[in-house]
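With the numbering used here, letter number 177 in the sequence shown gets 182, and the count goes up by one each step, no holes.
In what follows, a single structure is set out as structure tokens and then discussed.
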Amino acid sequence: MNLPNKITVARILLIPVFLLLMLVPFEWGSWHILGSEIKTAHAAGAFIFIIASITDWIDGYYARKLKLVTNLGKFLDPLADKLLVSAAFIVLVEMHLAPSWVVIAIISREFAVTGLRLIMAGSGEVVAANMLGKIKTWTQIVAISALLLQNIPFSAINFPFADIMLYISLIFTVWSGYEYFYINRDVFKHSK
């Protein structure tokens, strides 16, 4: 259990804390920011999500810099990402901040690509994350963060930044999923 893997495990452990803050009706009051109101618990939950998302970059950085890439890390890191993002998107549907069809499309892509990776791993191949996949991840994180923060500060000027980012993340999610399957289409041709 090296440093990058410990950071990844910390990200997984932050997920229940995030869920608790977002879904339990704590009466901690609310903040009024630039003409918008956000519950204190929800602001704290958004902060936890953002911190957890940043750990994704940190663990990868240390794994590469310190040459601490392990099979456990290769398993845990994408799992932690998918658990965090899926939990956040489901919370957004629960809070009526994201349409369920968008979240279903995004989570379905994650399951499909994970399935593809499992098939390829069975034949000894590894599907590395490409640039489009990384853009997908960061657009999702920005969209989720903006939605969790209820579009603050953009709500002050009536600019729907959070909604725009949600649809941009949907586009990159579908596009990167298509690319993964297109590039690796031979896997299905040779399967029995």
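Beta carbons are placed, not taken as given, at the ideal position from N, Cα and C, and that holds for glycine.
Asked, Found
"N- and C-terminal bounds of the beta strand (DSSP E) containing His101", "First-last for His101: undefined, no H or E at that position."
"Buried or exposed (CB count within 10 angstroms, at least 16 for buried), Lys141", "buried"
"Where Lys72 falls: helix, strand or coil (DSSP)", "coil"
"Whole-Å CB distance - Ala57 paired with Leu77, under 8 Å assumed", "Actually they are not in contact, since the Cβ atoms of Ala57 and Leu77 sit about 19 Å apart, beyond 8 Å."
"Boundaries of the alpha helix (DSSP H) in which Ser174 is found, first to last residue", "166-188"
"Pairwise C-alpha distance: Ser113 and Leu28", "23 Å"
"Leu84 versus Val108, Ile20, Leu137, residue with shortest Cα-Cα distance", "Ile20"
"In DSSP terms, what Ile124 is bridged to", "Partner(s): none; Ile124 has no beta bridge."
"Boundaries (first-last residue) of the alpha helix (DSSP H) holding Trp36", "No alpha helix (DSSP H) contains Trp36, which is instead part of the beta strand (DSSP E) from 35-38."
"Helix, strand or coil at Glu115 according to DSSP, with G and I counted as helix", "helix"
"Stretch pair the segment 9-17 + the segment 59-71: three plus CB contacts closer than 8 Å", "yes"
"Identified DSSP bridge partners for Lys79", "Bridge partners of Lys79: none, in fact."
"Best match in Thr119, Ile17, Gly34, Ile38 for proximity to Ala161 [C-alpha to C-alpha]", "Ile38"
"According to DSSP, residues forming a beta bridge with Ser150", "DSSP output for Ser150 lists no bridge partner at all."
"Beta-bridge pairing of Lys44 - partner residues as DSSP gives them", "Ser35"
"Three-way DSSP call (helix, strand, coil) for Gln145 in this model", "helix"
"CA nearest to the CA of Leu102, picked from Glu115, Ala167, Ser41, Arg122", "Ala167"
"Contact belief for Leu153 with His47 at Cβ below 8 Å, rounded distance in angstroms", "7 Å"
"Straight-line Cα distance separating Pro165 from Val107", "16 Å"
"Local conformation of Ile162 per DSSP, three classes", "helix"
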